[in-house]
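Please read the structure below before turning to the comments.
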Amino acid sequence: MEKQNEVVLFGTWASAFCKRVELALKIKGIPYEYVEEDLTNKSESLLHYNPVHKKVPVLVHNDKPISESLVILEYIDECWDNTPKLLPEDPYQRAKVRFWVNYFDHQIVPSFYIIFGSKDKEREKAIEDSSQLLKAFEEGVEKDFPGQSPLFNGEILGYLDIVIGSLACNYQAVDEAIGVVLISEKNQKFLSWVNALENYPLLEETLPPHDKLVARLSV
Numbered sequence: 001m002e003k004q005n006e007v008v009l010f011g012t013w014a015s016a017f018c019k020r021v022e023l024a025l026k027i028k029g030i031p032y033e034y035v036e037e038d039l040t041n042k043s044e045s046l047l048h049y050n051p052v053h054k055k056v057p058v059l060v061h062n063d064k065p066i067s068e069s070l071v072i073l074e075y076i077d078e079c080w081d082n083t084p085k086l087l088p089e090d091p092y093q094r095a096k097v098r099f100w101v102n103y104f105d106h107q108i109v110p111s112f113y114i115i116f117g118s119k120d121k122e123r124e125k126a127i128e129d130s131s132q133l134l135k136a137f138e139e140g141v142e143k144d145f146p147g148q149s150p151l152f153n154g155e156i157l158g159y160l161d162i163v164i165g166s167l168a169c170n171y172q173a174v175d176e177a178i179g180v181v182l183i184s185e186k187n188q189k190f191l192s193w194v195n196a197l198e199n200y201p202l203l204e205e206t207l208p209p210h211d212k213l214v215a216r217l218s219v
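Take a look at the structure:
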């Protein structure tokens with residue numbers, strides 16, 4: 001139990017990247033202290049623990065800081081090696097999960113941000129480009145994990161579920177705030193995964209409140 005002492009998460013309520021870490025801690029049953037950060041007035045503790053990027057999330061375990069959400073998720077899974085595991089035991093399966101997590105973070109998430117920052121014809125193109133990336137994701141994940149969606153880790157949330165769900169399950173709030181359909185019927189498979197994950201109790205209780213997030217994104 002010693003490893004479960006002095007676990008502190010520095011985060012901010014609206015960040016999907018921070019919600020990833022909260023989900024992992026809850027899935028593993030790890031007690032932790034949560035510190036809400038005001039990113040317009042960052043605390044001395046945050047600057048001390050993450051002097052390079054100066055951003056959240058930061059997990060501090062027995063005064064040892066770990067930064068970057070994906071790094072933190074893998075640290076949690078390795079440090080608390082009790083079940084449930086976030087990543088598969090088989091090395092090849094782990095590699096495939098990591099590949100699609102990397103694709104989601106480095107291809108799909110940036111495509112969403114391009115949609116947010118564009119207008120008119122540029123936005124139409126950005127939406128179509130994002131849809132094509134999602135299509136490749138749908139097809140690739142279905143091929144690598146046939147019949148396993150929406151929970152790619154069996155009956156509990158795993159690494160890929162956490163990464164998808166913590167961000168994409170907020171799509172309705174984003175649609176309402178910016179007036180655009182972020183995930184359309186063109187990507188029905190991905191949409192069905194997201195809607196199923198959204199109803200998973202632990203994810204549902206961890207996501208930001210819809211109305212509060214709409215207000216935040218509308219600013």
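Anchor point for the sequence shown: position 54 equals 54 in UniProt numbering, and the numbering is continuous, going up by one each time.
Ideal Cβ placement from N, Cα and C applies to all residues, glycine included.
The model shown is predicted, which means the values in this text are computed figures rather than measured ones.
Annotated three-state conformation of Y32 is coil, per DSSP. When the five nearest sequence neighbours on each side are left out, the beta carbons in the same chain lying within less than 8 Å of the beta carbon of A126 are those of S111, I114, I115, S118, in order along the chain.
By the Cβ test, the segment 82 to 97 is in contact with the segment 154 to 173, since at least three Cβ pairs between them sit closer than 8 Å. By the CB criterion at 8 Å, V7 and E37 fall outside the cutoff. A check of alpha carbon separations from E204 across L213, C169, Q188, E185 identifies C169 as the nearest. CA-to-CA, the gap between N62 and L9 works out to about 12 Å. DSSP, reduced to helix, strand and coil, places I183 outside both helices and strands of the structure shown, so it counts as coil. Restricting attention to L133, E185, D120, the CA atom closest to the CA of I178 is found in D120. K54 sits in coil when the DSSP states are folded into three classes, being neither helix nor strand. For K189, the secondary structure class from DSSP, reduced to helix, strand or coil, is helix. In the structure shown, the three-state DSSP call for G165 is helix. Shown here for L134: same chain residues with a beta carbon closer than 6 Å to its own, the five before and five after excluded, namely N187, F190 in chain order. Annotation: the continuous alpha helix (DSSP H) that includes V71 extends over 69 to 79. By the neighbour-count criterion, in which a residue is buried when 16 or more other Cβ atoms sit within 10 angstroms of its Cβ, Y49 is buried. Per DSSP, F112 is one residue of the alpha helix (DSSP H) stretching across 109 to 116. Proximity to L39 across K19, K26, T12, V21 peaks at T12, based on C-alpha coordinates.
With fewer than 16 other CB atoms across the displayed protein chains lying within 10 angstroms of its CB, G29 is exposed. According to the DSSP assignment, L133 belongs to the alpha helix (DSSP H) that extends over 120 to 144. Here D77 is buried, its C-beta having at least 16 other C-beta atoms within 10 Å. Following the DSSP letters along the chain, one finds F10 in no alpha helix (DSSP H) but inside the beta strand (DSSP E) bounded by residues 7 to 11. Under a 10 Å Cβ-count criterion, S69 is classified as buried, with 16 or more other Cβ atoms of the shown protein chains found around its own Cβ. The beta-carbon distance between L157 and L25, rounded to whole angstroms, is 12 Å. This is too long to meet the 8 Å contact definition. The DSSP-derived three-state label of I156 is coil.
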